[in-house]
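Structure record follows, encoded as structure tokens.
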Amino acid sequence: MLAQRPGLLHYHHHHRHRKIRCHTTLSPTRQVTTYEKSLPGVEFNADGIVSYTPPNLPRVEAPAQVRPIVILPGFGNNSNDYIAPFGKQDSLVNSLKARGFPVYVVQVNRKDWFRVARALFTIRFWSSTLTTKPGYTWYLKRVNDAVEEALQETGAEQVDLIGHSAGGWLGRAFIGDPDFFPTGTLQQQQQLDTSGSAEISSDAGGSVSEEETNRLRPNPRVRSLITLGTPQKPPPADKVRDVTGGAVGWVHSKFPGAYFADQGVTYINVCGLTVKGRREVTSEGKVVYDTKRARFPYEYAYDSYNQVCAEGQGNVGDAVVPLQSAYLAGARQLVIPGVWHSMSRVGTFEEESGVVWYGSDSVVDTWLSAYLEEAYGRSA
Numbered sequence: 000m001l002a003q004r005p006g007l008l009h010y011h012h013h014h015r016h017r018k019i020r021c022h023t024t025l026s027p028t029r030q031v032t033t034y035e036k037s038l039p040g041v042e043f044n045a046d047g048i049v050s051y052t053p054p055n056l057p058r059v060e061a062p063a064q065v066r067p068i069v070i071l072p073g074f075g076n077n078s079n080d081y082i083a084p085f086g087k088q089d090s091l092v093n094s095l096k097a098r099g100f101p102v103y104v105v106q107v108n109r110k111d112w113f114r115v116a117r118a119l120f121t122i123r124f125w126s127s128t129l130t131t132k133p134g135y136t137w138y139l140k141r142v143n144d145a146v147e148e149a150l151q152e153t154g155a156e157q158v159d160l161i162g163h164s165a166g167g168w169l170g171r172a173f174i175g176d177p178d179f180f181p182t183g184t185l186q187q188q189q190q191l192d193t194s195g196s197a198e199i200s201s202d203a204g205g206s207v208s209e210e211e212t213n214r215l216r217p218n219p220r221v222r223s224l225i226t227l228g229t230p231q232k233p234p235p236a237d238k239v240r241d242v243t244g245g246a247v248g249w250v251h252s253k254f255p256g257a258y259f260a261d262q263g264v265t266y267i268n269v270c271g272l273t274v275k276g277r278r279e280v281t282s283e284g285k286v287v288y289d290t291k292r293a294r295f296p297y298e299y300a301y302d303s304y305n306q307v308c309a310e311g312q313g314n315v316g317d318a319v320v321p322l323q324s325a326y327l328a329g330a331r332q333l334v335i336p337g338v339w340h341s342m343s344r345v346g347t348f349e350e351e352s353g354v355v356w357y358g359s360d361s362v363v364d365t366w367l368s369a370y371l372e373e374a375y376g377r378s379a
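Residue numbering for the sequence shown follows numbering that gives the first Met the number 0, starting at 0 and increasing by one per position.
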């Protein structure tokens, strides 16, 4: 399989690949690509769901000089969701280890996410001008701990990050945050020279200057970032409130797209094309909500897409994140029909989904193949 050419979206579906053109312009520092709403030919059933067909791909094996992988859990998830979810050994970690990859998971308990709620009592949350600090500082420190552990145990010089859901945009933040650069490195000093301190999150969400952004450097210990079902940008401010209080918008502004690609960081962006959001609407245009029963997947998708991008009706994605929000300009794009957002049933973390998700053993070879091409320059 050939490497992805700039300006193309690469879709995997039913044992074949479809390439959909995007509008692309090049800048001196990075590629900026505008998502064009063209989708692969899939069939939705009566419930607005696309079934998954395993691709006819060879099993991926880790290269000889493999870098360790660090998994960044999504919002509300804990570490065990990726190690042994629901007490089962069918997990993302075990699938990667079976293919020869050394794997580490950022240590997170479900209750840790309540730390983010502290920001609810700040003016910046309600004005959607938060950064990743202080609400997500604890998380980024855990990422740093996992990276250090991986490097010490393997003797490698760099790691590759896999960010699931919010772990994807938090991974983007980690790569550019000098607080977590090795002390005394050239990259850290350059960052300090431009800002006067290691604090880079003093700007209001979405108000980072282009001049400042162009001076940033990546963490030298990170070689690649794979994002799985990540909301890469905030919703329109005039339509719906950003549930991160501006943090994801700040990352989107501070490190736009595959920001450090021209400085050696590889970005692979993956999203499922699985559920079409739908809600019953009255003749007056009001959405009908039936609170006496559990939501159908297409209703849950409508609500989630509406929260993420302010467009739920007819929008498509992995049941939680719509494609238009998951798109990361300049990255290698993979859209996988039939793949769901999480290992747990939509709307809860306590029940197994019973469907395939990004970390299912039958799915991982699809995006691992792209990962080997982009990060190692070789085919599976």
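The beta-carbon is built from N, C-alpha and C at its ideal position, and this holds for glycine as well.
The structure presented is a predicted model; accordingly, all values stated were derived computationally and were not measured.
Of the residues the options, the one placed nearest residue i, counting alpha carbons only
i	options	result
Val250	Thr347, Leu327, Gln106	Leu327
Ile174	Phe254, His340, Ser368	Phe254
Phe100	Gly337, Gln88, Ser343, Pro67	Pro67
Thr226	Thr265, Arg114, Arg294	Thr265
Asn76	Lys291, Tyr138, Pro321	Tyr138
Thr243	Ala116, Ala83, Glu372, Glu147	Ala116
Ala257	Asn44, Gly154, Ala45, Glu373	Glu373
Ser352	Phe74, Thr365, Pro84	Pro84
Leu215	Pro72, Gly248, Pro234, Arg171	Arg171
Glu349	Asp80, Gly47, Gly73	Asp80
Pro72	Lys140, Thr273, Val107	Val107
Asp111	Gly154, Val280, Thr136	Thr136
Phe124	Asp261, Ala246, Val280	Ala246
Ser78	Arg98, Glu60, Val102	Val102
Whole-angstrom distance between residue j and residue i, CA atom to CA atom
i	j	result
Pro54	Gly271	14 angstroms
Val104	Leu56	26 angstroms
Lys285	Arg331	39 angstroms
Leu367	Ser282	47 angstroms
Ser361	Val355	8 angstroms
Asp237	Ser126	12 angstroms
Glu42	Val320	19 angstroms
Asp176	Trp168	12 angstroms
Leu129	Lys232	14 angstroms
Glu147	Leu119	31 angstroms
Tyr304	Leu322	9 angstroms
Gly86	Ser359	15 angstroms
Pro27	Asn93	Model confidence at Pro27 stands at a pLDDT of 32, short of 50, so the residue's coordinates are unreliable; what they give is reported in the following sentence. Pro27 and Asn93: Cα-Cα distance of roughly 41 angstroms.
Arg377	Gln64	12 angstroms
Ser90	Ile122	40 angstroms
Thr229	Ser164	4 angstroms
Gln151	Lys275	44 angstroms
His22	Glu298	With a pLDDT of 33 at His22, under the threshold of 50, the predicted position of this residue should be treated as unreliable, and no value is reported.
Gly263	Gly329	13 angstroms
Val287	Val315	20 angstroms
Arg344	Thr365	22 angstroms
Gly166	Tyr51	24 angstroms
Val69	Ile161	6 angstroms
Asn143	Phe113	20 angstroms
Glu198	Thr131	Low confidence applies here, because Glu198 scores a pLDDT of 37, under 50, leaving its location unreliable; read the following figure in that light. Looking at the two C-alpha atoms, the distance is approximately 11 angstroms.
Arg140	Val338	A small fix is needed here, since residue 140 is Lys in this sequence, not Arg. If I take the Cα positions, the gap works out to 30 angstroms.
Residue range of the alpha helix (DSSP H) that includes residue i
i	result
Asp463	In the structure as shown, the chain starts at 0 and stops at 379, and residue 463 therefore has no counterpart that could be examined.
Thr365	360-370
Asn305	296-308
Thr153	136-153
Arg171	165-175
Gly40	Segment: none, Gly40 is in no alpha helix (DSSP H) and carries neither H nor E.
Gln332	Where Gln332 is concerned, there is no enclosing alpha helix (DSSP H), although the beta strand (DSSP E) it sits in stretches over 331-336.
Leu327	Taken as a continuous stretch (DSSP letters only), Leu327 belongs to no alpha helix (DSSP H), as it is neither H nor E.
Ile48	Counting along the chain, Ile48 falls outside any alpha helix (DSSP H), and DSSP gives it neither H nor E.
Asp218	Per the sequence shown, the amino acid found at residue 218 is Asn instead of Asp. Segment: none, Asn218 is in no alpha helix (DSSP H) and carries neither H nor E.
Tyr81	79-82
Whole-Å CB distance - residue i paired with residue j, under 8 angstroms assumed
i	j	result
Pro181	Pro133	Their Cβ separation, rounded to whole angstroms, is 23 angstroms, which puts Pro181 and Pro133 out of contact at 8 angstroms.
Pro381	Tyr375	Any property of residue 381 remains undetermined from this structure, which presents the chain solely from 0 to 379.
Ala300	Val239	Ala300 to Val239, Cβ: 16 angstroms. No contact.
Val49	Pro336	5 angstroms
Arg222	Gln157	4 angstroms
Gln306	Arg277	Wrong, their Cβ atoms sit about 15 angstroms apart, outside the cutoff.
Phe179	Pro217	Actually they do not touch by this definition, with Cβ atoms about 11 angstroms apart.
Gly346	Arg294	7 angstroms
Residue i Cβ short of 7 angstroms to the ligand FAD heavy atom set
i	result
Gly316	For the ligand FAD, the structure offers nothing, since it holds no ligand at all.
Endpoints, beta strand (DSSP E) assigned at residue i
i	result
Ser94	That residue, Ser94, is in no beta strand (DSSP E); its alpha helix (DSSP H) goes 91-97.
Tyr103	102-104
Val319	Unbroken run through Val319: none, as it is neither H nor E.
Leu71	68-71
Length-filtered (3 minimum) beta strand (DSSP E) runs lying within the region 238-289: 265-272
Identify every run of the alpha helix (DSSP H) within the region 107-132, keeping only runs that are complete inside it and at least 4 residues long; order them along the chain. Whole alpha helix (DSSP H) segments, 4+ residues: 122-125.
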